[in-house]
Amino acid sequence: MTPSIRLRGLTKVYNSAGVRAVDGIDLEVGQGELFGLLGPNGAGKTTTVGMCTTRVLPTGGSVEVDGLDVVADPAGVRQRIGVVTQYNTLDRACTVRENIYYHCRFFGMGSAGGRRRTDGLLEQFRLADRAGAMPDELSGGMAQRLQVARAIAHQPRVLFLDEPTAGLDPQSRIALWDIVADLRREGITVLLTTHYMEEAEQLCERVAIIDQGRILVCDTPAALVKSLNAGRVVMLALDSRDDALLARLHAIEGVTEVQPTDDGGVRLLAAAANGRLLPQVVEAAQPNGVRDLAINDPSLETVFISLTGRDLRE
Amino acid sequence: MSDVALRTRPSGSRLRSYARAFGGLLLRDARVLVREIVPFVLRTVMNPLLFVFVFAYVFPTIGQGFSGGAPDVSFATILVPGLVAVAVVFQGISAVALPLVNEFGRTREIEDRVMAPLPVGAVAVEKIVFGALQSVVAAAMVFPLVYLVPATDVSVNFARWPLLGLVVVLSSLTAGALGLAVGTVVRPQQVPLIFSILVIPITFLGCVYYPWASLGSIRWLQIAVLVNPLVYMSEGLRASLTPQLPHMPVPAFLGAITLSLTLLSTLGVRAFLGRVRS
Numbered sequence: 001m002t003p004s005i006r007l008r009g010l011t012k013v014y015n016s017a018g019v020r021a022v023d024g025i026d027l028e029v030g031q032g033e034l035f036g037l038l039g040p041n042g043a044g045k046t047t048t049v050g051m052c053t054t055r056v057l058p059t060g061g062s063v064e065v066d067g068l069d070v071v072a073d074p075a076g077v078r079q080r081i082g083v084v085t086q087y088n089t090l091d092r093a094c095t096v097r098e099n100i101y102y103h104c105r106f107f108g109m110g111s112a113g114g115r116r117r118t119d120g121l122l123e124q125f126r127l128a129d130r131a132g133a134m135p136d137e138l139s140g141g142m143a144q145r146l147q148v149a150r151a152i153a154h155q156p157r158v159l160f161l162d163e164p165t166a167g168l169d170p171q172s173r174i175a176l177w178d179i180v181a182d183l184r185r186e187g188i189t190v191l192l193t194t195h196y197m198e199e200a201e202q203l204c205e206r207v208a209i210i211d212q213g214r215i216l217v218c219d220t221p222a223a224l225v226k227s228l229n230a231g232r233v234v235m236l237a238l239d240s241r242d243d244a245l246l247a248r249l250h251a252i253e254g255v256t257e258v259q260p261t262d263d264g265g266v267r268l269l270a271a272a273a274n275g276r277l278l279p280q281v282v283e284a285a286q287p288n289g290v291r292d293l294a295i296n297d298p299s300l301e302t303v304f305i306s307l308t309g310r311d312l313r314e
Numbered sequence: 001m002s003d004v005a006l007r008t009r010p011s012g013s014r015l016r017s018y019a020r021a022f023g024g025l026l027l028r029d030a031r032v033l034v035r036e037i038v039p040f041v042l043r044t045v046m047n048p049l050l051f052v053f054v055f056a057y058v059f060p061t062i063g064q065g066f067s068g069g070a071p072d073v074s075f076a077t078i079l080v081p082g083l084v085a086v087a088v089v090f091q092g093i094s095a096v097a098l099p100l101v102n103e104f105g106r107t108r109e110i111e112d113r114v115m116a117p118l119p120v121g122a123v124a125v126e127k128i129v130f131g132a133l134q135s136v137v138a139a140a141m142v143f144p145l146v147y148l149v150p151a152t153d154v155s156v157n158f159a160r161w162p163l164l165g166l167v168v169v170l171s172s173l174t175a176g177a178l179g180l181a182v183g184t185v186v187r188p189q190q191v192p193l194i195f196s197i198l199v200i201p202i203t204f205l206g207c208v209y210y211p212w213a214s215l216g217s218i219r220w221l222q223i224a225v226l227v228n229p230l231v232y233m234s235e236g237l238r239a240s241l242t243p244q245l246p247h248m249p250v251p252a253f254l255g256a257i258t259l260s261l262t263l264l265s266t267l268g269v270r271a272f273l274g275r276v277r278s
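Chains D and F, in that order, are what the protein sequence lines are.
My numbering numbers the first residue of the first sequence as 1 and each following residue consecutively.
My numbering numbers the first residue of the second sequence as 1 and each following residue consecutively.
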């Protein structure tokens, strides 16, 4: 089966600054897959999506979407994809209903077909009672639902969601996750970018972690977390920190990684097997004054930190 | 190169899908125009209505008035083609440029519009075409005003209607292209400048209130205004509607309007492509 999206050595250099925003990405997303591109702001996620969606011209490499080359046939690619950008790009001069209806018309539907599809989507996305409202009157969550409804109105094979939940309140975010999960069930391929690790973890079947224009790892969220070889993440807040402390912590049985954090504390990864982990950690850290201690399960965030030494939110 | 091998001429079905997308864009613009018909009418008729009311009704009635460089013809007659030309050009700015500045800058709507399944250049051309349609409507709305309001006789003649149609269509497309170029280049914070450095000079120095030939006594100005496309539209309408007034030769203004249209649409479409694709 040909992949839905195929990136080969994809590169984008912005000449003005000489910045390699995207630096040789190879990636394949299968048909019907819900794929996440996870990385901090400025990692190159939006530029990558821009190239996949014909908005940004690659400097090198290639992108095929649904078998079509995005540079050779941009209009053909646009017929097959839906795009939700990280900004609200709703048509402010048209009502909620018209935003969807005219989108249908742009994509070749007739008047009756467009109206039927619009009515169906307004129901499906719980926008029917606001059909006559103008986009500026919608809440953030509603506007985002409308953007997704519009993006899939022409039944695209592939949907690109660029930071779809950025700036949404937690409730709207969860509502949008449900919508995306439903789309997945309809068999549409979804590529979403996010800097929220919970989003990637809960929603995506596979995740590529991207930083400074490169893909660091790509696998299922579970496999990525498992690759850490850690059952526990322990965060220590300390009065002081020195190399001797780091060495003492490293010596504890089951500890696989010890990382100083920016706030003067320590993050350590440990196998779950050691049942006496906490007393040993506290004992080792006591001379440096333990102010606080937190234990977490490892997550994609831990994977990112372990790969880059930095926080996703930085 | 694989991408060269893939690049094929658009097939018939592909062209039909482009045409449907183009038609969809026009439909959307028409819907918005219908909803905003009152502002459209107001912005279109206010300037010519007041102008013709004060200069062709009030002034002659209270015993003041100008001759506009042709003493044997009423000033109202000189104004008719000029004010129709201004209405045409003004639509290019208000119907194409101003919304476009917003769509690029504030609302980013353009990012969705260029995802329509047709070449991006066609999205820019649609802006020109729909702007031109509004210019034609504006010309048709303004004409009865400037014809009926004046207190003095207006002598207009429709015998040269094929020329009139050609001039109106070419001028309207040029106005749309001007709007596209301006709307793409200007940033939102520069909008007030559109009026002070573009609209006002173009109108005052566009041979709207006087035939171009009458500028002969200020030779440098007569030559300088030739860079202004509105000059050729005014002169073209003058040649079509009021041929008894001095006007440029037909090939001169038709050639100049066509040249302006070519230059402005090339500039506008290129600038549009440059802004939406990086």
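Ideal Cβ positions, reconstructed from N, Cα and C, are used throughout, including at glycine.
- Listed in chain order, the positions of the region 96–117 of chain D with a beta carbon within less than 7 Å of a beta carbon of chain F are Glu98, Tyr102, Arg105, Phe106, Phe107 and Gly108.
- Put simply, the backbone Cα of leucine 166(F) is about 11 Å away from that of methionine 233(F).
- Against chain F, the CB of aspartate 91(D) has a partner CB under 9 Å away; the residue lies at that interface.
- The shortest C-alpha to C-alpha distance from leucine 178(F) to any of Val96(F), Leu254(F), Arg106(F) and Tyr18(F) is the one to Val96(F).
- Given a length threshold of 3 residues, each whole run of the beta strand (DSSP E) inside the region 233–282 of chain D is given here in chain order: 255–260 and 266–270.
- Assigned with DSSP and collapsed to three states, threonine 53(D) falls in coil, not helix or strand.
- When the five nearest sequence neighbours on each side are left out, the beta carbons in the same chain lying within less than 8 Å of the beta carbon of glycine 9(D) are those of Gly24, Ile25, Asp26, Gly60, Gly61 and Ser62, in order along the chain.
- Exposed is the label assigned to asparagine 296(D), since fewer than 16 other Cβ atoms lie within 10 Å of its Cβ.
- Residue-level contact check: glycine 24(D) does not touch chain F, since none of the beta carbons of chain F fall below 9 Å from its beta carbon.
- Within the same chain, and ignoring the five residues on either side of arginine 106(F) in sequence, the residues whose Cβ sits closer than 8 Å to its Cβ are Pro188.
- Out of Val73(F), Leu163(F) and Phe40(F), the CA that lies nearest to the CA of tyrosine 209(F) is found in Val73(F).
- For leucine 241(F), the closest C-alpha among the options Pro150(F), Asn157(F) and Arg31(F) is that of Asn157(F).
- Not a single C-beta of chain F is nearer than 9 Å to the C-beta of proline 260(D).
- Under DSSP, the beta-bridge partners assigned to valine 29(D) are Ile5(D).
- Boundaries of the beta strand (DSSP E) around phenylalanine 35(D): 34–38.
- DSSP places isoleucine 257(F) within a helical segment (H, G or I) once states are collapsed to three.
- Interface annotation for the region 90–122 of chain F against chain D: Thr107, Arg108, Glu109, Glu111, Asp112, Met115, Ala116, Pro117, Leu118 and Pro119, criterion Cβ-Cβ distance under 7 Å.
- Taking a beta-carbon distance threshold of 9 Å, cysteine 94(D) counts as an interface residue toward chain F.
- Residues of chain F whose Cβ lies closer than 9 Å to the Cβ of glutamine 155(D) do not exist, since the nearest Cβ in that chain is about 13 Å away.
- For cysteine 104(D), the uninterrupted alpha helix (DSSP H) run begins and ends at 96–106, by DSSP.
- Contiguous alpha helix (DSSP H) elements confined to the region 65–152 of chain F occur at 75–91, 98–105, 110–113 and 120–148, taking only those with 4 or more residues.
- In the three-state DSSP reduction, isoleucine 194(F) falls in the helix class (H, G or I).
- Separation of serine 94(F) and proline 229(F) (C-alpha to C-alpha, rounded to the nearest whole angstrom) is 17 Å.
- Short of 8 Å from the beta carbon of valine 217(D), and not among the five residues preceding or following it, lie these beta carbons of its own chain, in chain order: Ala208, Ile209, Leu224, Ser227, Val303 and Leu307.
- By the criterion of at least three beta-carbon pairs nearer than 8 Å, the region 240–251 of chain D is not in contact with the region 67–86 of chain D.
- Distance between glutamine 64(F) and threonine 44(F), taken at the CA atoms: about 27 Å.
- Among the CB atoms of chain D, one or more fall inside 9 Å of the CB of alanine 21(F).
- Judged by pairs of C-beta atoms under 8 Å, the region 173–184 of chain D does not touch the region 35–46 of chain D, as fewer than three such pairs exist.
- With respect to the C-alpha of glutamate 109(F), the residue from Leu121(D), Ile100(D), Thr89(D) and Arg116(D) having the closest C-alpha is Thr89(D).
- In this chain, the alpha helix (DSSP H) harbouring glutamate 198(D) covers 197–203.
- By the Cβ-count criterion, methionine 46(F) is exposed, with fewer than 16 other Cβ atoms from all chains shown falling within 10 Å of its own Cβ.
- Residue contact with chain D for tyrosine 18(F): present (Cβ-Cβ distance below 9 Å to some residue of chain D).
- Between leucine 263(F) and chain D, the shortest Cβ-Cβ separation is not below 9 Å.
- The secondary-structure analysis by DSSP pairs isoleucine 210(D) across a beta bridge with Ile215(D).
- Boundaries of the beta strand (DSSP E) around serine 62(D): 60–65.
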